[in-house]
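Q:
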Amino acid sequence: MNSIGSEIWLAMLTCFAAVFTQNILLTTFLGMCPFTSVSREVKTAAGLGGAVIFVMTCTAVLNWLAYKLLVYLELEFFRFILFIIIIAAFVQFVEMVIDHYSPKLYQNLGIFLPLITVNCAILGACLFMVIRQYTFIVTIGYGFGSGVGWFLAIIAMAGIRTRLNESRVPEGLRGPGITLIIAGMMALAFIGFTGVLG
Amino acid sequence: MSPAKPTKQIVLDGLWRDNPIFRQILGICSTLAVTNVVLNTAVMCISLTLVTALSCLTVSLLRNWTPRNIRMMVQTLIIAFYVIIVDLILKAYWPEMSTQLGPFVGLIITNCIVMGRCEAYAGSNPPISSFVDGFFNGLGYSFVLLAISVVRELLGMGTILGFAIPYFSSPYWDKWIIMVMPPGAFFVLASIIWLFRSIKPKEVKK
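Quick note, the sequences are listed as chains X and H, same order. Counting in my numbering, the first sequence runs from 22 upward without gaps. Counting in my numbering, the second sequence runs from 84 upward without gaps.
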């Protein structure tokens, strides 16, 4: 009982770290491509962010199980292909389920799902989970936390960018340049949380 | 789909005119995180260039036998195949580098440049020109990232490739710790994009 309690505590700590101090987008730059291209409006950013939270949590758990199987079969080098296939298959599956049961949600979320398959952040989270040797419960916390971190970052960026339309940005910096500078400042702010929870 | 181009034009496009980083901020995901040290960046860039060139070659060779509706899956598998080879070679001959790069070698699979070149060029062009296209796009990408890593390592640690640089490694130079931390990468990349877009602002506009 005690060990499960401490596991859950560890999972919560990992979750917190993944949201703030080790934010997957702002410290390891994963998922930059959709981040720079889809962060123009808060609403679309929220849609994509929500989809990322869901897919990341589920695929991290699925891939954890899959990796255990690979270790058992001594086929660890095969993990890249397996992870990619699981992510792609899961996204496809979710797309079909949503399409079947809730066409309205599909209209809002549908266009984002294929984007997620190539989102480096998802694969990155799965690979980090393997390298850091997380246990099952910690993996759930980590997957969820990484998703939330990504969500927060893209929402904040979209909010800032809508304001940016009114400001005068130097010619060469417009578009991606200024986005990166803002992301840098956000990264600074997020790193400021270091040490909050030990 | 773009038609086949003369080799000289492919080289110029990949390195400069259509440089994947300046034109569309693509593919920085997997490599930006290791740009705080020049050596790691160089290894990553070499791996990425090789993977891009070889995947383009393979995709192009198979282009007439790949059904259109599953081509993405086929391309991903081809890319993953080369990435696994690179990963295994690194693990076998340079284990320290392999642990330092961590998950980032594997992340070449989802790097948008590799997929982008396979999809945009190699899928509809002959093998040799696809190989050249992939190779020079990889090089164009590498030289920007190497520039970033040189700036970051020099300002942040006062060294380049681990060698101390006069003045920057002396006590007179207050090391910019921020440069080796993640935000530094954002700032340096933004400045470099700013610089290059100012040099050729007309061509960037689409």
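Beta carbons: idealized from backbone N, C-alpha and C, even for Gly.
Mind listing the chain X neighbours of T116 (chain H)? Cutoff is C-beta to C-beta under 7 Å, in chain order.
A: With the sequence shown as reference, residue 116 (chain H) is identified as Ala, and Thr is not the correct amino acid for it. By Cβ distance, chain X contributes T49, F50.
Q: For a test of the three-state rule: what should DSSP assign to A203 (chain H), helix, strand or coil?
A: Note: A203 (chain H) maps to helix in three-state DSSP.
Q: Go ahead and label R189 (chain X) buried or exposed: buried means 16 or more other beta carbons lie within 10 angstroms of its beta carbon, across all protein chains shown.
A: exposed
Q: Taking DSSP as the reference, what is the three-state secondary structure of K288 (chain H)?
A: For K288 (chain H), the pLDDT reaches just 45, beneath the cut-off of 50, and the residue's location in the model is therefore unreliable, although a value from the coordinates is still provided. Looking at K288 (chain H) - three-state DSSP - the assignment turns out to be coil, as it is neither helix nor strand.
Q: For the pair the stretch 175-183 of chain X and the stretch 148-160 of chain X, tell me if three or more CB-CB distances fall below 8 Å.
A: Contact annotation: the stretch 175-183 of chain X does not touch the stretch 148-160 of chain X, with fewer than three C-beta pairs closer than 8 Å.
Q: So who's on the other strand from T183 (chain X), going by DSSP bridges?
A: Looking at the DSSP assignment, T183 (chain X) forms no beta bridge with any residue, so it has no partner.
Q: Going by the DSSP bridge assignment, what does A66 (chain X) pair with across the sheet?
A: In the DSSP output, where bridge partners are listed per residue, A66 (chain X) has none listed.
Q: Are the C-beta of A38 (chain X) and some C-beta of chain H separated by less than 8 Å?
A: Not closer than 8 Å to any Cβ of chain H, the Cβ of A38 (chain X) fails to qualify, so no.
Q: In whole angstroms, give me the CA-to-CA distance for V271 (chain H) and A247 (chain H).
A: 21 Å
Q: Ignoring anything shorter than 3 residues or poking outside the stretch 196-260 of chain H, list the beta strand (DSSP E) runs there in chain order.
A: none
Q: Taking only three categories from DSSP, how would you classify Q43 (chain X)?
A: DSSP, reduced to helix, strand and coil, places Q43 (chain X) outside both helices and strands of the structure shown, so it counts as coil.
Q: What distance in whole Å lies between the Cβ atoms of T118 (chain H) and S232 (chain H), which are believed to be in contact at a cut-off of 8 Å?
A: 4 Å
Q: In three-state DSSP terms, what is Q154 (chain X)?
A: coil
Q: Please confirm whether V166 (chain H) has its beta-carbon closer than 8 Å to some beta-carbon of chain X.
A: yes
Q: Between the Cα of A67 (chain X) and the Cα atoms of X:G162, X:G170, X:G196, which residue gives the shortest distance?
A: Ranking X:G162, X:G170, X:G196 by Cα distance to A67 (chain X) puts X:G170 first.
Q: By Cβ distance, which residues of its chain are closer than 8 Å to I74 (chain X), with the 5 residues on each side in sequence left out?
A: Cβ neighbours of I74 (chain X) beyond the five flanking positions: F165, G168, V169, W171, F172.
Q: Note down the Cα distance separating L145 (chain H) from K258 (chain H), rounded to an integer number of angstroms.
A: 51 Å
Q: Taking the alpha helix (DSSP H) that P178 (chain H) belongs to, which residues open and close that run?
A: 178-184
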